[in-house]
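Here is the structure we will look at, set down as structure tokens.
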Amino acid sequence: MPVDMMKKVPVREQDPKVRAANFEEVCLGYNKDEAEAEASRCLNCKNPMCVQGCPVSINIPGFIARLKESDVAGAYAVISESSSLPAVCGRVCPQESQCEGKCVRGIKGEAISIGKLERYVADTAREMGIRPEGAKEKNGKRVAVIGAGPAGLTCAGDLAKLGYEVKIFEALHKAGGVLAYGIPEFRLPKKKVVEKEIENVRNLGVEIETDVVIGRTAKVDDLLTKEGFDAVFVGTGAGLPRFMHIPGEQSLGVFSANEYLTRSNLMGAFSEDSRTPIMRAKKAIIVGGGNVAMDAARTALRLGAEVHIVYRRSEEELPARKEEVHHAKEEGIIFDLLTNPVEITADENGWVNGIDLVRMELGEPDASGRRSPVEVEGSRYHVECDCVIMALGTSPNPLIKSTTEGLEVSRRGGIVSLDDYGKTTKEGVYAGGDAVTGAATVILAMGAGKAAAKGIDDYLSGRE
Amino acid sequence: MFEIVKKELLAPNIYLMDVKAPRIADSALPGQFLIVRVDEDGERIPLTICDYDKAAGTVTIVLQTVGAETSRMADLNVGDCFADFVGPLGNPSDLTLLPNEELKKKKILFIAGGVGTAPVYAQLKWLKEQGCLADCIQGARSENILILLDEMAAVSNHLYIATDDGSKGIHGNVCVALQQLWDEGNRYDLVVVIGPMIMMKFACQLTEKLGIPTVVSMNTIMVDGTGMCGACRLMVGGEVKFACVDGPEFDGHKVDFDQAMQRTRLYKTEEGRLLLQYQEGDTHHGGCGHCG
Chain A
0 MPVDMMKKVP VREQDPKVRA ANFEEVCLGY NKDEAEAEAS RCLNCKNPMC
50 VQGCPVSINI PGFIARLKES DVAGAYAVIS ESSSLPAVCG RVCPQESQCE
100 GKCVRGIKGE AISIGKLERY VADTAREMGI RPEGAKEKNG KRVAVIGAGP
150 AGLTCAGDLA KLGYEVKIFE ALHKAGGVLA YGIPEFRLPK KKVVEKEIEN
200 VRNLGVEIET DVVIGRTAKV DDLLTKEGFD AVFVGTGAGL PRFMHIPGEQ
250 SLGVFSANEY LTRSNLMGAF SEDSRTPIMR AKKAIIVGGG NVAMDAARTA
300 LRLGAEVHIV YRRSEEELPA RKEEVHHAKE EGIIFDLLTN PVEITADENG
350 WVNGIDLVRM ELGEPDASGR RSPVEVEGSR YHVECDCVIM ALGTSPNPLI
400 KSTTEGLEVS RRGGIVSLDD YGKTTKEGVY AGGDAVTGAA TVILAMGAGK
450 AAAKGIDDYL SGRE
Chain B
0 MFEIVKKELL APNIYLMDVK APRIADSALP GQFLIVRVDE DGERIPLTIC
50 DYDKAAGTVT IVLQTVGAET SRMADLNVGD CFADFVGPLG NPSDLTLLPN
100 EELKKKKILF IAGGVGTAPV YAQLKWLKEQ GCLADCIQGA RSENILILLD
150 EMAAVSNHLY IATDDGSKGI HGNVCVALQQ LWDEGNRYDL VVVIGPMIMM
200 KFACQLTEKL GIPTVVSMNT IMVDGTGMCG ACRLMVGGEV KFACVDGPEF
250 DGHKVDFDQA MQRTRLYKTE EGRLLLQYQE GDTHHGGCGH CG
């Protein structure tokens, strides 16, 4: 097929009008011709900037070179050296600010579609039945991993490849963490992608025990003593949802995005057959501008609502991936920017019937470097709605901290990591992902899981 | 999978089950709860812990059929399995943190309403094992739905029964019984109330008037139960608290019960519809307010 070297080969997507009413995946991905055409745009730089932009340092030009030769198995082997979840990363990484953001092609034209190529390789390898290879021999040492999310799965996968016997303890009934409960089906299919990637981690020899809440069912110290693990990795993820503490927030029809998404994704409540209930709103207001806000908005839309995103800063500051914002707009989500809620109103039975908003303008930059929003006086107005979803981030879950002696946490509640390899203040205990940093991205958690696997390997081989 | 090794009908629609769950039996303490899923498509349902046997590796639950999911659970028999059985969740009772001498000095009254009797049993039994015998008022609408009477009597100092219809014990609700105990000169350092929210609300109003510190256990809507979803939030002393990680026990004089009760209605119509669908199967046609 003909290729414009300056432009990405466009990727096929479901029509916005059609997909706004279903939960099928939005992006359909590249086929062989498209993938190889896109791969042909790669300059195979001697000093590849893209690799520096990748939190798990995938040899990007390396796998793309294999793809140019139609060698999917070879490309998959290259990616597998660095990543345990390529089909996930190809779909949910913020490539525009990582690998693709650094791509030399992107200086004059459009960057290589690295994410879409990674996804093509992972999906095709899966269809071909290619699996990552595990360790030939066990080294006799045992590591416990707490949490089967992106950090835990990556750490476990890497350690298993090095010969460790690894067991993951997962609090929920299903493995995957945010991949299972947080990110919706239309962005990350569960059966086709998430479950298969987890199966790959299991195939490396990793055991996963669900329904175990570490801190309650057993403590970190029990793992190190009674259960005989030589080291522990804590990848428990983000914690309690934040609320605004405005009047009316306890009304019926006000949800945290975590609750709304968990019902839909983990419990399958988006399907009419599900036994877990979810509110199908007429008009939903989503408060927040991150990826979670976009996911909640697009879920509510698919469940039949007119959806508004209310965000207190302007479009430029939206923390969500550009692609999510673009997709949301295409589907008909309305963005009420520079707007902030001050009160939620309810009817006599306690059900939400509206929200009071104020207009904002951007003032001086704050500590984060972003211009801080200031309320415009006298701008308060009322909007009718029957559902409000708060997507304001999370604060760390206190459970592991409060039940593990000697594990220090920061003032903000995240577990303190003493080096770049997730070492904590407690001997033999490592941590990474949202449990350390607070809410961030899947790929950063994977990067932390990977680093901690190295830290644990160094520690247990006496190289530390 | 978690196998049911014993099942008993305690009263109409109220069942006791022993479930094989060694990890939970090993770590459970009074005041904590579980999340149970009946099968692979089931909803996550919070249930209280009635008892646990470390040696046998079993946990005892008491469940009342109030919706489709609990009806499905009640339909399971010995030898069947729950798909998921997670816990112990929430904080153990503050009483478990007290030094033994202090605990023994405390004069404690428990007030148990309906299936709230089950978690009260766990607390009374634990206290007895520590050498501390507490009093208990056990209330129900009528004699036929009073559960675990012998067991409760065996772990209480005095067990007072109160029924709304006067069919057994004191004629009246638990507040009438508490007032009567007070009038007879009984004094307590602490009251622990576990039961329907409406009962906890009125019991707390009375104990506040009488000046007795009071603890309640909040049975809110939950999804994950581990501090992730925020569905279980409630207002305590003007602050947002999460029943799963901050509770489930709270200072009863600070809980906003009216709001908490309102929040439990969130999925009521949908629950009712699902229950009718489950009970009536293909014959379901109307009556739930959502169809036909």
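So the sequences go chain by chain: A and B.
Using numbering that gives the first Met the number 0, the letters of the first sequence correspond one by one to residues 0 to 463.
Using numbering that gives the first Met the number 0, the letters of the second sequence correspond one by one to residues 0 to 291.
Every residue gets a Cβ at the ideal spot worked out from N, C-alpha and C, and that includes glycine.
Quick test of your reading: residue i and residue j, contact by CB under 8 Å. State the CB separation rounded to the nearest angstrom.
i	j	result
proline 240 of chain A	serine 255 of chain A	3 Å
serine 216 of chain B	proline 118 of chain B	6 Å
glutamine 122 of chain B	phenylalanine 109 of chain B	7 Å
threonine 235 of chain A	tyrosine 180 of chain A	So it is not a contact: roughly 13 Å between Cβ atoms.
isoleucine 213 of chain A	alanine 174 of chain A	Isoleucine 213 of chain A to alanine 174 of chain A, Cβ: 14 Å. No contact.
isoleucine 3 of chain B	cysteine 80 of chain B	7 Å
leucine 171 of chain A	leucine 178 of chain A	About 11 Å; that fails the 8 Å criterion.
aspartate 494 of chain A	arginine 141 of chain A	The question about residue 494 of chain A has no answer here: the residues shown for chain A are numbered 0 through 463.
glutamine 137 of chain B	isoleucine 160 of chain B	6 Å
Return helix, strand or coil for residue i, following the three-state DSSP convention.
i	result
methionine 151 of chain B	helix
glutamine 137 of chain B	strand
histidine 307 of chain A	strand
threonine 261 of chain A	helix
valine 71 of chain A	helix
lysine 16 of chain A	helix
valine 190 of chain B	strand
valine 175 of chain B	helix
glutamine 249 of chain A	coil
histidine 325 of chain A	helix
glycine 286 of chain B	Annotation note: pLDDT 49 at glycine 286 of chain B (below 50); position unreliable, coordinate value reported separately. Reduced to three states, the DSSP call for glycine 286 of chain B is coil.
cysteine 80 of chain B	strand
tyrosine 14 of chain B	strand
alanine 24 of chain B	helix
leucine 97 of chain B	coil
glutamate 228 of chain A	It is phenylalanine, not glutamate, that sits at residue 228 of chain A in the sequence shown. If DSSP states are grouped into helix, strand and coil, phenylalanine 228 of chain A belongs with coil.
Would you say residue i faces chain B, with C-beta separation under 8 Å as the test?
i	result
glycine 349 of chain A	yes
lysine 170 of chain A	Sequence inspection shows alanine at residue 170 of chain A; the lysine mentioned does not correspond to that position. Closer than 8 Å: yes.
methionine 266 of chain A	yes
glycine 238 of chain A	yes
phenylalanine 242 of chain A	yes
arginine 263 of chain A	Sequence inspection shows serine at residue 263 of chain A; the arginine mentioned does not correspond to that position. No, serine 263 of chain A lies away from the interface with chain B (no Cβ there is under 8 Å from its Cβ).
valine 211 of chain A	yes
leucine 251 of chain A	yes
proline 183 of chain A	no
arginine 274 of chain A	yes
serine 367 of chain A	no
Could one say the Cβ of residue i lies closer than 8 Å to chain A's Cβ atoms, at least one of them?
i	result
glutamate 42 of chain B	yes
alanine 121 of chain B	no
glycine 291 of chain B	Residue placement at glycine 291 of chain B is flagged as unreliable, the pLDDT there being 38, under the threshold of 50; the coordinate-derived value follows with that caveat. Closer than 8 Å: no.
glutamine 261 of chain B	yes
serine 26 of chain B	yes
arginine 140 of chain B	no
leucine 265 of chain B	yes
proline 87 of chain B	yes
aspartate 163 of chain B	no
glutamate 100 of chain B	no
phenylalanine 4 of chain B	As written in the sequence, residue 4 of chain B is valine, which differs from the phenylalanine given in the question. False, the Cβ-Cβ gap to chain A never drops below 8 Å.
leucine 273 of chain B	yes
glutamate 269 of chain B	yes
isoleucine 23 of chain B	yes
aspartate 93 of chain B	no
cysteine 287 of chain B	In this prediction, cysteine 287 of chain B has a pLDDT of 46, which is less than 50 and means its spatial position is unreliable; what the coordinates show is noted afterwards. Cysteine 287 of chain B does not count as touching chain A.
Closer than 7 Å to a non-hydrogen atom of the ligand HEM - does that hold for the CB of residue i?
i	result
cysteine 49 of chain B	In the structure shown, the ligand HEM is absent, as is every other ligand, since no ligand is present at all.
Residues, ordered as in the chain, of the stretch 213-234 of chain A that lie near chain B by beta-carbon distance below 7 Å:
Residues of the stretch 213-234 of chain A that bring their beta carbon within less than 7 Å of a beta carbon in chain B comprise Arg215, Thr216, Ala217, in sequence order.
Short-range partners of chain A found in the stretch 51-69 of chain B, where Cβ spacing is below 7 Å:
Those residues of the stretch 51-69 of chain B that come within reach of chain A (Cβ to Cβ, closer than 7 Å) are Ala67, Glu68.
> When Cβ atoms are compared, which residues of the stretch 181-207 of chain B fall closer than 9 Å to chain A?
Replying inline: Hits within the stretch: zero.
Counting only Cβ-Cβ distances shorter than 7 Å, please list the residues of the stretch 388-411 of chain A near chain B, keeping chain order. Those residues of the stretch 388-411 of chain A that come within reach of chain B (Cβ to Cβ, closer than 7 Å) are Asn396, Pro397, Leu398.
- Query: Between the stretch 20-40 of chain A and the stretch 64-74 of chain A, are three or more C-beta pairs nearer than 8 Å?
  - Reply: Three or more beta-carbon pairs separated by less than 8 Å link the stretch 20-40 of chain A to the stretch 64-74 of chain A, which places the two stretches in contact.
- Task: Mind the definition here: the stretch 439-456 of chain A touches the stretch 44-57 of chain A only if three or more C-beta pairs lie below 8 Å; say whether that holds.
- Result: Yes, they touch.
Are the stretch 413-422 of chain A and the stretch 454-461 of chain A touching by the rule of at least three beta carbon pairs closer than 8 Å?
Result yes; three or more Cβ-Cβ pairs closer than 8 Å.
Discussion item. Short of 7 Å Cβ to Cβ, which residues in the stretch 210-230 of chain B face chain A?
Written reply: Of all residues in the stretch 210-230 of chain B, only Val222, Asp223, Thr225, Gly226, Met227, Cys228, Gly229, Ala230 come within less than 7 Å of chain A when Cβ atoms are compared, listed by chain position.
contact_flag[the stretch 143-151 of chain B, the stretch 213-229 of chain B] where n(CB pairs < 8 Å) is 3 or more: Counting Cβ pairs under 8 Å, fewer than three are found: no touch.
**OP:** Count the CB pairs spanning the stretch 327-339 of chain A and the stretch 10-18 of chain A that are closer than 8 Å, and state whether there are at least three.
**Re:** Between the stretch 327-339 of chain A and the stretch 10-18 of chain A, the count of Cβ pairs shorter than 8 Å is three or higher; the stretches touch.
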